[in-house]
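2 protein chains.
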Amino acid sequence: MRVAIVGATGAVGHELLKVLEGSTLQFDELLLFASPRSAGSTLPFRGQDLTVQVTPEGAIDAELILASAGGSISKEKAPAWVAGGAVVIDNSSAFRYDPEVPLVVPEVNGEAALSHKGIIANPNCTTAIAVVAVAPIHRAYGVRRMIVSTYQATSGAGAKGMDELLQETHKVLHGQEAGAEVFAHPIPFNVIPHIDAFQDNGYTKEEMKVAWETRKIIGDESLKISCTAVRIPTLRTHSEAITLELERPATPEEVRALLAGAAGVEVRDTPAEKLYPMPLTASGKYNVEVGRIRPSLVFDGGIDLFVAGDQLLKGAALNAVQIAEYLQQKGALKARTQV
Amino acid sequence: MRVAIVGATGAVGHELLKVLEGSTLQFDELLLFASPRSAGSTLPFRGQDLTVQVTPEGAIDAELILASAGGSISKEKAPAWVAGGAVVIDNSSAFRYDPEVPLVVPEVNGEAALSHKGIIANPNCTTAIAVVAVAPIHRAYGVRRMIVSTYQATSGAGAKGMDELLQETHKVLHGQEAGAEVFAHPIPFNVIPHIDAFQDNGYTKEEMKVAWETRKIIGDESLKISCTAVRIPTLRTHSEAITLELERPATPEEVRALLAGAAGVEVRDTPAEKLYPMPLTASGKYNVEVGRIRPSLVFDGGIDLFVAGDQLLKGAALNAVQIAEYLQQKGALKARTQV
């Protein structure tokens, strides 16, 4: 099997290479594609230097394509890739709300991936991180309402987001004024409650993605979800404060025990030892840290919690590779590629 | 009238001097007190250099004392100050939950200050900032549930908190590892969901302060409030994402109009022009910025909003001086000091 990464030189592409290096996914060859600007450069993979090629116009000669070059490129090119026989796992938002396209977090709804028609969508990073913690609680206790406030890292805007934070922070520390190109305002020592475009209802698209995508992945359109999405001056890992109203009351002890056995989750919840989720400890980790599990003070029997997950990993590259691994384990990847 | 500041050399003390400089409060002399370590230093005030004295053991010869030297000093010394005839406006949490002590945000419950028995408590910074926005909404529409997630600046831990952020960030930018003395973990490019001590219910004291104090200031013990208090790498100004369930449905337009006429609030809510509350714009401002006003997606007729307020000003120094101004306007300060 040949695997292709489209958008190999971006922040997520970089993580895709690292995750694939340690992955159990069986494949013979890895092809790297990016924009003409990056073509010709090489990236190391399992001891070899792979040359980055320009993303071609039409089909790609690969059975699996991991696309992470943005929504417009996916929208434009994915149909040709699928027509060429590839399965596409797409990291953009281009196809997430298409009822024909499964939106998959393997720990939650892996089986949905099996019904794909060529494209499988990888969820928004904030959603993927929240849903590994919330889905087990939903199954056991029935989530009715979910209120999320996010603390999102600059790498959510790609490598250039991180670069801007570092460069502009350096300026501030040397008495200069910080500028902004990637973000709407200077990000050093600031908080920007604005990620993605504003919608007619006053929410940003980032905020609505959390509502739309969580419902689709969990498979319950009755779930009431609201989100406030906020960019903060961190490099990596999104954190989220989550309040849950439950149909059946849960205690923190029950939820802690439940999540201790949940795939993709690391319960980190020993306040007396100052152990709780943080970017400092969650960055680079495959599992999402979950802690601050406590009884809701506004919903009887509800639960509050705090999560921190590396959004370049579980929120993007890792989840995409896990979908591929799941398909291969189920024989679904091979079957299709041999058509 | 003589006014004394106890804790004059701290972050809040510094702001108290600045706010008093521009205040309408009438007084003849300003006395500055601090710990022996800071005694002898001078601070500029209205063109003079005032010498900082060691906080005395017993009474202070002043009619008004603005105390901002921490809870243990207030607890220990305030009774003697009151016995000596002073009115004490205390910025610590020492007396806030004493039913005999009014807890005051002048825009919300100024009249409560008039019933003091010597001590008036200044609320927790996070609470003061939230309540100027929420109280008018409560009066008009009846808040039933309030869910708060905070984005708190390092200066909430005093000048030393800011210093640690700047110094340790400098280290990280130069390839060194960040340390932590003021905070529980390194704060540069990190998020720490831990402010003040953990309580038996799993919430921190900072989080419970928001619930306890908001109810006391608004005067409604039936209000259900929960908070997640999070320290982030900013210097100044606390931001808060707030979700409100209301008894009577409100539209964003109604709330915007209501808050446009509310004291202490600046409505900053034009997303199309990238205008919303941020530390970058709220720092140094007396009014609390309120924006991102939108319909709740989890409570029919409820409201979500985002606030940013300078916690050294409205959350501390400014509110204390406003209480003093209110007392003087009502003749309550003079009346007491002439006893």
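If you read the sequences in order, they're chains A and B.
Take 0 as the starting number for the first sequence in numbering that gives the first Met the number 0 and just add one per residue.
Take 0 as the starting number for the second sequence in numbering that gives the first Met the number 0 and just add one per residue.
Think of the CB as a built atom: it goes at the ideal place given N, C-alpha and C, for glycine as much as any other residue.
In the three-state scheme derived from DSSP, where H, G and I count as helix and E and B as strand, A:Ala271 is classed as helix.
The distance from the Cβ of A:Thr242 to that of A:Pro278 is about 21 Å, inconsistent with a contact at the 8 Å cut-off. At a cut-off of 8 Å, the C-beta of B:Ile146 has a neighbouring C-beta in chain A. Below 8 Å, enough C-beta pairs join the region 298–310 of chain A and the region 249–257 of chain A to call them touching: three or more. DSSP places A:Arg235 in no alpha helix (DSSP H); its state is neither H nor E.
Look at the region 269–329 of chain A and you find these whole runs of alpha helix (DSSP H), each 4 residues long or longer: 278–281 and 317–328. Here the alpha carbons of B:Thr227 and A:Glu75 stand approximately 42 Å from one another. By the Cβ rule, the region 178–197 of chain A counts as touching the region 212–232 of chain A, because three or more pairs are nearer than 8 Å. Following the DSSP letters along the chain, one finds B:Glu176 in no alpha helix (DSSP H), marked with neither H nor E. The residues Arg214, in chain order, have a CB closer than 8 Å to that of B:Glu220 in the same chain once the five nearest residues on each side in sequence are set aside. Of all residues in the region 226–239 of chain A, only Thr227, Val229, Ile231, Pro232, Thr233, Leu234 and Ser238 come within less than 7 Å of chain B when Cβ atoms are compared, listed by chain position.
When rounded, the separation of the alpha-carbon atoms in B:Glu180 and B:Lys329 is 44 Å. Contact fails between the region 104–119 of chain B and the region 144–159 of chain B, because fewer than three Cβ pairs, one in each stretch, are under 8 Å apart.
Below 8 Å, enough C-beta pairs join the region 318–325 of chain B and the region 121–139 of chain B to call them touching: three or more.
At a Cβ-Cβ threshold of 8 Å, B:Val266 and B:Val287 do not count as neighbours. Using beta-carbon distances, B:Met277 counts as an interface residue toward chain A, with a partner under 8 Å. A Cβ-Cβ distance of about 6 Å is found for the pair A:His193 and B:Tyr275, placing them in contact under the 8 Å criterion. For B:Asn189, the chain A residues whose C-beta falls within less than 7 Å of its own C-beta are Thr233, Met277, Pro278 and Leu279, listed in chain order.
Taking 8 Å as the upper bound for CB-CB distance, A:Gly21 and A:Ala58 are not in contact here, some 29 Å apart. For B:Met0, the three-state secondary structure derived from DSSP is coil.
When secondary structure is reduced to three states using DSSP, B:Pro35 falls in the coil class, being assigned neither helix nor strand. In the three-state reduction of the DSSP assignment, B:Pro192 falls in the coil class, being assigned neither a helical nor a strand state. Scanning chain A for C-beta atoms nearer than 7 Å to the C-beta of B:Ile136 yields nothing, as the closest lies near 16 Å away.
The Cβ atoms of B:Val5 and B:Ser71 lie no closer than 8 Å to each other.
Residue state for A:Ala210 is assigned as helix, using DSSP reduced to three classes. Taking 8 Å as the CB threshold, A:Gly308 stays off the interface with chain B. Distance between B:Ala196 and A:Glu167, taken at the CA atoms: about 34 Å. Where A:Ser91 is concerned, there is no enclosing beta strand (DSSP E), because DSSP gives it neither an H nor an E.
A Cβ-Cβ distance of about 10 Å is found for the pair B:Leu24 and B:Leu65, leaving them out of contact under the 8 Å criterion. Annotation for A:Ser154: Ala10, Gly160, Met161, Leu234, Arg235, Gln310 and Leu311 place their beta carbon closer than 8 Å to its own, counting only its chain and skipping 5 residues before and after.
Here A:Gln151 is bridged, per DSSP, to A:Arg230.
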